[in-house]
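Asks:
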Amino acid sequence: MHQYLTFIGGFPIRFYGIFFSLAIIFGCIMAYFLLKKSRTGWEECIFDLGLTIAFFGIIGGRLWDVFFFDWDYYHDHLTEIPYVWQGGMAIQGGVIFACVAAYFFLKKKNIPILPFADIVTPAIILGQSVGRIANFMNGDAFGHPTGLGYGILYPATTLAYKTYGPQPLWPAEVWECQGDLIIFCLLIWYSCFKHPKGTTFCLYIMLYSLLRFFLEFFRGDYGTYALDLKSAQITALIGFVIAAAFFIYFYFKNSIFEEPKAD
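The working numbering runs 246 ahead of the 1-based position in the sequence shown.
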């Protein structure tokens, strides 16, 4: 595992940036495919939307990481907050900021929010799975020491090594990548059946929140926040409860969702 693909002059080409970009590209390609299959005509705007939510997602992911995970470091290194190429992006903040940006984008285009969200939701979690590969290659979002004779050994240049040295660590980011792919398959399967609009997106939030809550017990890149829980676990619990409430609400209030046809 190497952090750098090559150097152009003195400028490093990081695998983190490569896989982060691929996460956005593959997410957009999958969203385009799903929208094209739905015959709504909404796929025409997906790459513009992708650039919009990527921009705001990066801002949200970075700010979430800085203020909820690593403020002890960054309050003494404020000038390093924009250094996103070094790693340190929180997916929860990225999703929140991206969803807000998508809401206003879709409102401007007069595209109904819930049907659109239901169609593209599997693409979101697919992009997240590729994004976790970026974390793995960068040596961040790592697990705590296994205390056993096996685990991931990171290179000396990574944050994981600087934190724990040559100790075997739990493969937290690898497990999350695998868990995201399982959620992707479940969402595709759920989408094959008629369902109240809005429930696919809610199911995504619920499943990812559960995955993230339990995986945080193996994360070792930051400590507990309150009630012996980490900040990501608290936000995962909040996200699960809100998504579950809306999931139930949509089942009682919304008619069964049928993909709209293009005019």
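Where is the CB? At the ideal position from N, CA and C, for every residue including glycine.
Here the structure is a predicted model, which is why all the values come from computation and not from measurement.
1) May I have the straight-line CA-CA distance separating Val341 from Val487, to the nearest angstrom?
2) From Ala269 to Gly377, what does the alpha carbon distance come to, in whole angstroms?
3) Buried or exposed for Thr286, please, with buried defined as at least 16 other CB atoms from any protein chain shown within 10 angstroms of its CB.
4) I need the DSSP call for Tyr250, collapsed to helix, strand or coil.
5) Less than 8 Å between the CB atoms is what I'm expecting for Phe447 and Gln479, so what's the real figure, rounded?
6) How many angstroms separate the CA atom of Asp386 from the CA atom of Ser375?
7) I'd like to know whether the C-beta atoms of Glu422 and Leu372 end up nearer to each other than 8 Å.
8) In the segment 399-424, which residue ranges form an unbroken alpha helix (DSSP H) of at least 4 residues, counting only runs that do not cross its ends?
9) Can you tell me whether DSSP reads Gly389 as helix, strand or coil?
10) With DSSP run on the structure shown, which of helix, strand or coil describes Leu394?
Replies: This is what the structure holds:
1) Walking along the sequence shown from the start, residue 341 turns up at place 95. Walking along the sequence shown from the start, residue 487 turns up at place 241. Those two C-alpha atoms are separated by around 17 Å.
2) Against the sequence shown, residue 269 aligns to sequence position 23. Against the sequence shown, residue 377 aligns to sequence position 131. If I take the Cα positions, the gap works out to 5 Å.
3) On the sequence shown, position 40 is the one that residue 286 refers to. With 16 or more other Cβ atoms within 10 Å, it is buried.
4) Start at 1 with the first residue of the sequence shown, and residue 250 comes out as number 4. Residue state for Tyr250 is assigned as strand, using DSSP reduced to three classes.
5) The residue you call residue 447 lines up with position 201 of the sequence shown. The residue you call residue 479 lines up with position 233 of the sequence shown. The pair is not a contact, with the Cβ atoms about 22 Å apart (cut-off 8 Å).
6) For the purposes of this step, residue 386 is identified with residue 140 of the sequence shown, where counting begins at 1. For the purposes of this step, residue 375 is identified with residue 129 of the sequence shown, where counting begins at 1. In this model, Asp386 and Ser375 are separated by some 15 Å (Cα to Cα).
7) Residue 422 sits at position 176 when you count from the first residue of the sequence shown. Residue 372 sits at position 126 when you count from the first residue of the sequence shown. Not a contact, by the Cβ cut-off of 8 Å.
8) Listed in chain order, they are 405-410.
9) In the sequence shown, counting from the first residue as 1, residue 389 sits at position 143. Note: Gly389 maps to strand in three-state DSSP.
10) Here residue 394 refers to the residue found at position 148 of the sequence shown. Reduced to three states, the DSSP call for Leu394 is coil.
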